[in-house]
Amino acid sequence: MLNRSQRTGPLFKSLSRRLNRLSLLRLARRITLGIVTAQVLTVAVLLGIAALGRRRKHDTSFPHERFEKVQVGENFLQLYSYGRDLYDAMLEAIDGAQECIYLETYIWKDDAVGREFQAHLERKAAEGVAVYVIFDRFGNLVVPRSFKASFAPPVHVLEYSALHRPWHWLDPRRFALDHRKLLIVDGAMSFIGGYNIGSVYATQWRDTHLGLRGAAAAELARSFIAFWNRFCPVPERITQRYHAPVDSRLTVSQNEAMRLSFPIRDLHIAAIDRAEQFILLTTAYFVPDRMLRDALKAAAGRGVDVRVLVPWVSNHVLADWISHSYFTDLLRGGVRIFGYRYTMLHAKTCTIDGQWSTVGTCNLDRLSLVGNYEINVGIYSPQFAGQMSALFAEDTSEVFELTREQWQSRPWYNKVSERILAPLRLLV
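The sequence shown begins at 147 in the numbering used here and counts up by one.
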């Protein structure tokens, strides 16, 4: 017969294990709460500092130049690095439309430039031109509903969002944003790049856009139509069809979230892997994944001059600080990093070895590379690559290059902030 200690021993052991598990759970909750609290406080402080910085009036002028048209096959390419020049060209193309206008943008501001575009589009629609516009719902949350609903009825409007039913919130693909910026006129003239529509972008942001006249515009028109027909009401589907001839010198790559297809990331990595002389990369938000970082470091390791230009202070302070957490690894690997301080740099471009370039809407962060709807054009043209190299040289002529020594000597509180925010990389 068991004595009392023998009977109660297993009970005490079981109770002890349960208490230990509860203690571990409480400890885990406290640690998690502490980390989240630290992240929230850090973000709040950084946002406060950024808000104070924006209140200070400062000169937003920056160097920019106009480029000559470049012919690639049957297409003529025009590079734009100043918003007002681009908008004038886009409005001229809109005014000359005979059949159809397709305009897609992430942000459409309710300001002088936004209303200018609206007026030109409504005028062409009243003349009988088929006008279709797409803008992203999330990207325009702060834009007044009165403006978004004010387009005259002849203009077909799609405010994109894939979250229409309660169960849609369970599908991560539906959180993708429409981050594309396109204008196609009559299937023959098109524009693609980083510029949204708004007065601030006309003169105060440094961005890059591309004008394409020729057969390649048909491929961009096909992309717009496919997106519209997938998400618009059935009665408003576009029936126009375009033939896009194949030209290996001009290729269009599209990230399609609902299909989990993200070729733009692979496009960059493949081009970086083939580089032999130099890589000149400009991006607004730089949060590269491991494969992209490894590709850049491997290129630097084999003697390629790898240069990355980023805004030193962007319009998304959280993205800036998360981006900084990669600098130590990249600098150690031989990648050169340049900080743009004139104004907000929003361009998304890359040019390699004076031969190949890409211009488009895709940032080098998780949201763009494996999340949003994006579109880029790849161009194989030494003449165009020469313009891209000249643009990069102009952008970096008066900016600073970050050295390993400078970066290692940054204040301790910067290093702590970067470590606290590092777990948020997956959200940016």
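For glycine and all other residues, C-beta sits at the position ideal for the given N, C-alpha and C.
For a minimum of 4 consecutive residues, which ranges assigned as the alpha helix (DSSP H) are wholly contained in the stretch 225-275?
Runs of the alpha helix (DSSP H) inside the stretch 225-275: 229-241, 258-272.
Can you check which of these residues, A465, R411, G447, is closest to V433 by C-alpha distance?
Start at 1 with the first residue of the sequence shown, and residue 433 comes out as number 287. Among A465, R411, G447, the Cα nearest to that of V433 is on A465.
At the level of alpha carbons, what is the spacing between W553 and G447?
The residue labelled residue 553 in the question sits at position 407 within the sequence shown. The residue labelled residue 447 in the question sits at position 301 within the sequence shown. Distance between the alpha carbons of W553 and G447: 20 Å.
Residue range of the beta strand (DSSP E) that N401 falls in?
Position 255 of the sequence shown, counted from the first residue, corresponds to residue 401. Counting along the chain, the beta strand (DSSP E) containing N401 begins and ends at 396-401.
Taking the alpha-carbon positions, what's the S296 to D332 distance?
Within the sequence shown, the letter at position 150 stands for residue 296. Within the sequence shown, the letter at position 186 stands for residue 332. Rounded to the nearest angstrom, the two C-alpha atoms are 25 Å apart.
Looking at the secondary structure, which residues open and close the alpha helix (DSSP H) in which P528 lies?
Locating residue 528 in the sequence shown gives position 382, counting from the first residue. Looking at the DSSP string, the run of the alpha helix (DSSP H) that includes P528 is 528-541.
Return yes when the Cβ of Y488 is within less than 7 Å of the Cβ of D576, no when it is not.
As displayed, the chain neither begins before 147 nor continues past 574, which places residue 576 out of reach and without an answer.
For E262, which option in I280, I240, G274 has the closest C-alpha, if you only look at C-alpha atoms?
By 1-based counting over the sequence shown, the position of residue 262 is 116. Per the Cα distances, I240.
Locate the beta strand (DSSP E) running through T489, then write down its first and last residues.
Translated into the one-based positions of the sequence shown, residue 489 becomes position 343. Per DSSP, T489 belongs to no beta strand (DSSP E) and is neither H nor E.
Could you tell me whether the Cβ atoms of V218 and S527 are closer together than 7 Å?
In the sequence shown, the residue the question calls residue 218 occupies position 72. In the sequence shown, the residue the question calls residue 527 occupies position 381. Yes, they are a contact pair.
Hey, which unbroken runs of the alpha helix (DSSP H) at 4 residues or more fall wholly within the stretch 354-399?
Correct list: 362-377.
What is the residue span of the alpha helix (DSSP H) that I410 lies within?
For the purposes of this step, residue 410 is taken as the residue at position 264 of the sequence shown. First-last of the alpha helix (DSSP H) with I410: 409-420.
Let me know the secondary structure DSSP gives S345 once reduced to three states.
The count along the sequence shown starts at 1 and reaches residue 345 at position 199. In the structure shown, S345 sits in a helix (DSSP, three-state: H, G or I).
Where does P312 sit, in a helix, a strand or coil, going by DSSP?
For this step, residue 312 is matched to residue 166 along the sequence shown. Looking at P312 - three-state DSSP - the assignment turns out to be helix.
Tell me which residues share the same chain as R383 and place their Cβ nearer than 8 Å to its Cβ, disregarding the 5 neighbours each side in the sequence.
Within the sequence shown, the letter at position 237 stands for residue 383. Cβ neighbours of R383 beyond the five flanking positions: W374, N375.
Is the stretch 438-457 touching the stretch 479-487, taking contact as three or more C-beta pairs under 8 Å?
Enough Cβ pairs lie closer than 8 Å, so yes.
Go through its chain and collect everything with a Cβ distance to K255's Cβ below 6 Å, but skip five positions before and after it.
For the purposes of this step, residue 255 is taken as the residue at position 109 of the sequence shown. Excluding residues within five positions, the ones whose Cβ falls inside 6 Å are G344.
Name the DSSP bridge partner or partners of N560?
Stepping through the sequence shown from its first residue, residue 560 is reached at position 414. Its beta-bridge partners do not exist; DSSP assigns none.
May I ask you to report which of helix, strand or coil DSSP gives V277?
Your numbering for residue 277 matches position 131 in the sequence shown. Strand at V277.
Hey, how far is the Cα of S394 from the Cα of H210?
Locating residue 394 in the sequence shown gives position 248, where the first residue counts as 1. Locating residue 210 in the sequence shown gives position 64, where the first residue counts as 1. Approximately 30 Å, taken between the alpha carbons.
Starting from the Cα of A258, find the closest Cα among V346, S292, A243 and give me that residue.
As a working mapping, residue 258 is identified with position 112 in the sequence shown. It is V346 whose Cα lies nearest to the Cα of A258.
DSSP three-state call for Q423: helix, strand or coil?
Here residue 423 refers to the residue found at position 277 when the sequence shown is read from its first residue. Three-state DSSP puts Q423 in coil, outside helix and strand.
Taking the C-alpha atoms as reference points, what is the distance between F281 and R320?
The residue you call residue 281 lines up with position 135 of the sequence shown. The residue you call residue 320 lines up with position 174 of the sequence shown. C-alpha separation (whole angstroms): 16 Å.
Is V275 closer than 7 Å to V303 when the C-beta atoms are compared?
Here residue 303 refers to the residue found at position 157 when the sequence shown is read from its first residue. Here residue 275 refers to the residue found at position 129 when the sequence shown is read from its first residue. Not a contact, by the Cβ cut-off of 7 Å.
Counting pairs of beta carbons, one from the stretch 499-509 and one from the stretch 522-542, are three or more of them closer than 8 Å?
Segments in contact, yes.
Reducing DSSP to helix, strand and coil, say where T549 ends up.
As a working mapping, residue 549 is identified with position 403 in the sequence shown. T549: coil per DSSP, three-state reduction.
For my contact list, G229 and A348 are in at a C-beta cut-off of 8 Å; report their separation, rounded to the angstrom.
Within the sequence shown, numbered from 1, the residue matching residue 229 stands at position 83. Within the sequence shown, numbered from 1, the residue matching residue 348 stands at position 202. Rounded, the Cβ-Cβ distance is 4 Å, consistent with contact.
With DSSP run on the structure shown, which of helix, strand or coil describes P457?
Mapped onto the sequence shown, residue 457 falls at position 311. Residue state, collapsed to three classes: strand.
Nearest-angstrom Cα distance between V398 and T507?
Start at 1 with the first residue of the sequence shown, and residue 398 comes out as number 252. Start at 1 with the first residue of the sequence shown, and residue 507 comes out as number 361. Cα to Cα, the separation comes out at about 12 Å.
Hey, quick one: how far does the beta strand (DSSP E) through M335 stretch, first residue to last?
In the sequence shown, residue 335 corresponds to position 189, counting from 1. Taken as a continuous stretch (DSSP letters only), the beta strand (DSSP E) holding M335 covers 335-339.
With S503 as the anchor, note down where its beta strand (DSSP E) starts and where it stops.
Within the sequence shown, the letter at position 357 stands for residue 503. It spans 502-506 - the beta strand (DSSP E) in which S503 sits, taken as one unbroken run.
Since L455 and T354 should fall inside the 8 Å C-beta cutoff, what is the C-beta to C-beta distance between them, to a whole number of angstroms?
Residue numbering aside, residue 455 sits at position 309 when the sequence shown is read from its first letter. Residue numbering aside, residue 354 sits at position 208 when the sequence shown is read from its first letter. With 8 Å as the limit, L455 and T354 do not qualify as a contact, their Cβ atoms being about 11 Å apart.
Rounded to a whole number of angstroms, what is the C-alpha to C-alpha distance between L249 and W558?
For the purposes of this step, residue 249 is identified with residue 103 of the sequence shown, where counting begins at 1. For the purposes of this step, residue 558 is identified with residue 412 of the sequence shown, where counting begins at 1. Going from the Cα of L249 to the Cα of W558 covers about 47 Å.
Please identify the residue among E365, H314, N342, P312 whose C-alpha is closest to the C-alpha of I330.
Within the sequence shown, numbered from 1, the residue matching residue 330 stands at position 184. With distances taken between Cα atoms, I330 lies closest to E365.
Counting only C-beta atoms, is R320 closer than 7 Å to chain C at any point?
As a matter of chain content, chain C is missing from the structure shown, which is built from one protein chain.
Within 10 angstroms of its Cβ, does A421 collect 16 or more other Cβ (buried), or is it exposed?
Taking the first residue of the sequence shown as position 1, residue 421 is located at position 275. Burial call: buried.
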